[in-house]
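Chemist: Residue numbers (my numbering): 95 to 439.
From the three backbone atoms N, C-alpha and C, an ideal C-beta is built for every residue, glycine too.
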Amino acid sequence: MMLSETEPKSVTKPATGPDLCTGMRRFVAEVETIYSRVPEDQPIADQRKTYEKVARHYTRRRPAGIRVQNMTIPTEHGGTLHIRVYRPVEGQSASSPAILFFHGGGFALGSIESHDCVVAELALAASAVAISVNYRLAPENPFPAAFEDAYSAWQFVLAKSDALGIDPARTIVAGDSAGAALAAAVCLKARDLCRRMPAGQLLIYPVLTAMADLPSYTEQANAPMLSAQSLAYFWSLYTEAGEHADNPQAAPLMASDFGGLPPARIATAHYDPCRDDGAVYAQRLREAGVSVEYRCAARLTHGYLRARAMSPAAAAEFAALGEGARALLRGGIKPAQEPQPKTAA
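Here's what the structure looks like:
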């Protein structure tokens, strides 16, 4: 059963106990200090401001060698979306590989701005054009709004691939946390409609079920950076108190069929209540004959992308994500021989 927590909570818990790497422990302590200055019952608008403040604090200067273009695109439902295109200056052609990226933030927080340097650095690491999507947020726009925007962005990329200078046959979807759920859901809908699917799915500590019934939800209920209670709160906002919690387009682990989906590269963190979302999704893809690489960072938490300047372990995971993206873009991920994850310190 889905947890029914309805009050917002701090994103962090005390950093005592878990065997975090030194840099990750320092990062958690700093973020915890920022959140200790704000009330736990912040209105959603204030939660967004705090989230963006934290993101800015850990945002690095956008790397050199990237051209950026802001665009407004139409959606299939009559609205518009803001997207940001990151194009490496070197090594690109008239038909380049591409990554369509959906930011995290519990379906209610985050933006193109909060993930700007993450997406820019991923574009460089993968030698690909990256397109970041500013989808609608809950609770003002609950499911299916974010999913509709994500799928509209995918359809736009396909329709305008020539103008964007990208190769749709070498375009993957990616996202962190809630954004990873959107990426996986785009793949499911494209398959179910027999439309062109992404060439791969790059999922970073994905949240894929609202049911909170996997072991990590109990084992890591009070993990640093994200608690099971906070996850339940954000799922409640997105799914309208659980009304849509069993819809695979909201929570992809609810799908009954995982066959025929694009190859996947899935990265999780040990100290994360939604760790098993990624592990179970990887296993179900394998069982359905889909190529998967699954990696679990042994001494990191949810949100470790922002700690990559402080934690060598987080930096190594980010480098592995770049390698995973390149592998997906060239069709290089092979079926795993064993269901055990690769782990990283």
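Could you tell me the distance, in whole angstroms, from the CA atom of F250 to the CA atom of A279?
Modeler: So the alpha carbons of these two residues sit roughly 16 Å apart.
Chemist: Considering only C-alpha positions, which residue in the set Y327, E313 and Y152 is nearest to P233?
Modeler: Checking every option, the nearest Cα to that of P233 belongs to Y327.
Chemist: Can you tell me where the alpha helix (DSSP H) holding P309 begins and where it ends?
Modeler: Looking at the DSSP string, the run of the alpha helix (DSSP H) that includes P309 is P309 to E313.
Chemist: By a C-beta neighbour count over all protein chains shown, 10 Å radius and 16 as the cutoff for buried, is T265 buried or exposed?
Modeler: Under this definition T265 is a buried residue.
Chemist: At the level of alpha carbons, what is the spacing between R178 and E134?
Modeler: Spanning the two alpha carbons is a distance of roughly 32 Å.
Chemist: Using only alpha-carbon positions, find the residue among A345, A222, P309 and N228 that is nearest to K283.
Modeler: Measuring from the Cα of K283, the nearest candidate turns out to be A345.
Chemist: For the candidate residues E207, I206, L325 and L379, whose alpha-carbon lies nearest to that of T350?
Modeler: The sequence shown places Ser at residue 350, not Thr. Answer by Cα proximity: L379.
Chemist: Helix, strand or coil, according to DSSP, for D140 in the structure here?
Modeler: In this structure, D140 counts as helix in the three-state DSSP scheme.
Chemist: Return the residue from the list L423, A408, D307 and P182 that minimises the CA-CA distance to A363.
Modeler: If we check each option's Cα against that of A363, A408 comes out closest.
Chemist: Please determine if the region 288-308 and the region 228-246 are in contact, where contact requires at least 3 C-beta pairs separated by less than 8 Å.
Modeler: Touching, no, given that fewer than three Cβ pairs across the two stretches are closer than 8 Å.
Chemist: Assuming P367 and A401 form a contact by the criterion Cβ under 8 Å, report the distance between their Cβ atoms to the nearest whole angstrom.
Modeler: That pair is no contact at about 18 Å.
Chemist: In angstroms, rounded to a whole number, what distance separates the CA positions of Y180 and S271?
Modeler: If you take the alpha carbons of Y180 and S271, they lie about 21 Å apart.
Chemist: The alpha helix (DSSP H) spanning A38 covers which residue range?
Modeler: The displayed coordinates of the chain run from 95 to 439. Any statement about residue 38 would go beyond what the structure contains.
Chemist: Where does A363 sit, in a helix, a strand or coil, going by DSSP?
Modeler: A363: strand per DSSP, three-state reduction.
Chemist: Pop quiz: G294 and P356 are said to be a contact at Cβ under 8 Å. What is the actual Cβ separation, rounded to whole angstroms?
Modeler: About 5 Å; that satisfies the 8 Å criterion.
Chemist: In angstroms with no decimal places, state the Cα-to-Cα distance between T127 and A317.
Modeler: Answer to the nearest angstrom: the Cα atoms are 16 Å apart.
Chemist: Within a Cβ cutoff of 7 Å, which residues of the same chain sit near M291, ignoring the five residues on either side of it in sequence?
Modeler: The answer, listed in chain order, is C281, A284, R285 and P356.
Chemist: Kindly list the residues whose CB is nearer than 6 Å to the CB of L231, restricted to its own chain and excluding five residues on each side of it in sequence; keep chain order.
Modeler: Correct list, in chain order: A202.
Chemist: With distances taken from CA atoms, which of A224, E215 and K143 is nearest I205?
Modeler: As written in the sequence, residue 205 is Ser, which differs from the Ile given in the question. Nearest of A224, E215 and K143 to S205, Cα basis: K143.
Chemist: Of the residues I193, P300 and L347, which one's Cα is nearest the Cα of L422?
Modeler: Checking every option, the nearest Cα to that of L422 belongs to I193.
Chemist: Does DSSP put I206 in a helix, in a strand, or in coil?
Modeler: Reduced to three states, the DSSP call for I206 is coil.
Chemist: Excluding the 5 residues preceding and the 5 following M348 in the sequence, name in chain order all residues of the same chain whose CB lies nearer than 6 Å to its CB.
Modeler: D340 and P342.
Chemist: For L262, which residues of its own chain have a beta-carbon under 6 Å away from its beta-carbon, when the five flanking residues on both sides are left out?
Modeler: According to the sequence shown, residue 262 is Pro rather than Leu. Excluding residues within five positions, the ones whose Cβ falls inside 6 Å are L252 and S255.
Chemist: Helix or strand or just coil, what does DSSP make of G172?
Modeler: Three-state DSSP puts G172 in coil, outside helix and strand.
Chemist: Suppose the cutoff is 8 Å on Cβ atoms and the five residues either side in sequence are ignored; what does the same chain contact list for A220 look like?
Modeler: If we look at A220 and ignore the five residues flanking it on each side, its Cβ neighbours are P191, I193, G416, A419, R420 and L423.
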